[in-house]
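Read top to bottom, the protein sequences are chains A and B. Counting with full-length UniProt numbering, you get residues 1 to 150 for the letters of the first sequence. Counting with full-length UniProt numbering, you get residues 1 to 150 for the letters of the second sequence. All C-beta atoms, glycine included, are put in the ideal place defined by N, C-alpha and C. Let me begin by presenting the structure, written as structure tokens, before commenting on it.
Protein chains: 2
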Amino acid sequence: MKKDAEEWINRYVDAYMVVTRQINARLRDIFGEGLTNDQFLILRLIAGQEQCTSTYLAEAVAVGKSSITAIINRLDEAGMIQRTRDENDRRQVYLTMTAHGESVYRTCEKQMQEVISPYLFHFEDDKIEQFIVMFEKLAFLMQDTGGRSN
Amino acid sequence: MKKDAEEWINRYVDAYMVVTRQINARLRDIFGEGLTNDQFLILRLIAGQEQCTSTYLAEAVAVGKSSITAIINRLDEAGMIQRTRDENDRRQVYLTMTAHGESVYRTCEKQMQEVISPYLFHFEDDKIEQFIVMFEKLAFLMQDTGGRSN
DNA sequence: GTGAAACAGTTCTACACGTGAACTATTATC
DNA sequence: GATAATAGTTCACGTGTAGAACTGTTTCAC
């Protein structure tokens, strides 16, 4: 282990805990009854993926497939998404947003922008850019070492 | 809103989602039956705070006090923490770890270090430092604008 | 001093999310 | 054509969250 790794990790975890929990709380508040944070994330992934499947979602959010089914069922009951079976491989179910889902998602996306953007004003542009690039590299590293079944 | 804010936020959210969910999944796996991620976080806060109260925890994790009671109850039943009433102000209940709680927490802390540290090797020291400093500033900003009751 | 307000914490009910194991239906393999 | 692999679902159970109602304690205003 790197010499300063322990201290870095402790500082990272402490800061990350505050930031993520505070952001989550703020999003929870503004989304209100419309959507939970997790549902927002799932819609976001569906929006960004052609022919999105449960398996893809499960890997993307690092969670079992049965959890995805539960979330998808609720979004389905709320009329926000549709399931479409692939006629060539009838095991696959593709998930797409309905017009209503799209509308709710876009609203929440705007609200998210409004909640987060004020914090950006406290930093210089190149600092923000560096921070995000670093975060993206981390994300890339972690995505390539996932894996899980069920 | 800043000109590039929207793009930054989208990139940030996408990366942050991957990183936090992947880290959570890995921690869930190694902690196993011993402790949930949230319980670990709560113990971490208790460890780092003299005379820790439910109210402090609720603010720190940006959650209602009733949620804290639930978590504390489970940790109490598991024999990991103790509640002590303040004799000067009998409304206050101070939370401390038992020896057993301390032991479980330290074990999980080590495991967390081992899970996260490999990723640090992919970055230069000063990059890591800058990243963490930025995160800490963000955390500081967010902490100063919280607030919630119940 | 006493009554009202504020505060710390708990309980209760309801729901969202997570797991893992067992299951259905479909496709691939040999 | 039997067997294995894959995609997704269902079920039972534990955890975390909210919010409202509650207890007990302290503070404050008069």
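| Item | Value |
| --- | --- |
| Given 8 Å, three or more beta-carbon pairs between the region 33–44 of chain B and the region 8–19 of chain B | no |
| is_contact[Phe-31(B), chain A] using C-beta, thresh 8 Å | no |
| Range of the contiguous alpha helix (DSSP H) that encloses Thr-107(A) | 99–120 |
| Cα-Cα separation, Ile-81(B) to Glu-109(B) | 17 Å |
| Any C-beta of chain B under 8 Å from that of Met-142(A) | yes |
| Proximity test, Cβ basis, 8 Å: Ala-47(B) and chain A | no |
| Any chain B beta carbon closer than 8 Å to Val-104(A) | no |
| Neighbourhood of Tyr-94(B) by C-beta, 7 Å cutoff - its chain only, sequence neighbours within 5 removed | Gln-51, Cys-52, Thr-53, Thr-84, Asp-86 |
| Contact set for residue 188(B): own chain, Cβ-Cβ below 7 Å, skip 5 residues either direction | The requested residue 188(B) does not occur in the structure, where chain B is confined to residues 1 to 150. |
| Beta-carbon neighbours of Gln-130(A), restricted to chain B and to distances below 9 Å | Lys-127, Gln-130, Phe-131, Met-134 |
| Delimiting residues of the beta strand (DSSP E) encompassing Gln-49(B) | Note, Gln-49(B): premise wrong, no beta strand (DSSP E); not H, not E. |
| Any C-beta of chain B under 8 Å from that of Glu-6(A) | yes |
| Leu-75(A) - DSSP class collapsed to helix/strand/coil | helix |
| N-terminal and C-terminal residue of the alpha helix (DSSP H) that Thr-20(A) is part of | 5–31 |
| Cβ-Cβ separation, Leu-57(B) to Leu-75(B) (assumed contact under 8 Å), whole Å | Actually they are not in contact, since the Cβ atoms of Leu-75(B) and Leu-57(B) sit about 11 Å apart, beyond 8 Å. |
| Chain B contact residues for Gln-113(A), given Cβ-Cβ distances below 8 Å | Met-1, Ala-5, Glu-6, Ile-9 |
| Where Thr-20(A) meets chain B, residues with beta-carbon distance less than 8 Å | Tyr-16, Thr-20 |
| Any C-beta of chain B under 8 Å from that of Ala-139(A) | yes |
| For Val-61(B), three-class secondary structure by DSSP | coil |
| Beta-carbon gap between Ala-139(A) and Val-19(B) smaller than 8 Å | yes |
| Start-to-end residues for the alpha helix (DSSP H) that takes in Gln-82(A) | Unbroken run through Gln-82(A) is the beta strand (DSSP E), 81–85; no alpha helix (DSSP H). |
| Where the alpha helix (DSSP H) through Glu-136(A) begins and ends | 125–143 |
| Helix, strand or coil at Thr-55(B) [DSSP, three-state] | helix |
| Cutoff 8 Å: Tyr-12(A) Cβ touching any chain B Cβ | yes |
| Gly-95(B) - partner residues in DSSP beta bridges | Rather than Gly, the amino acid found at residue 95(B) in this sequence is Leu. BP columns for Leu-95(B) point to Cys-52(B), Arg-83(B). |
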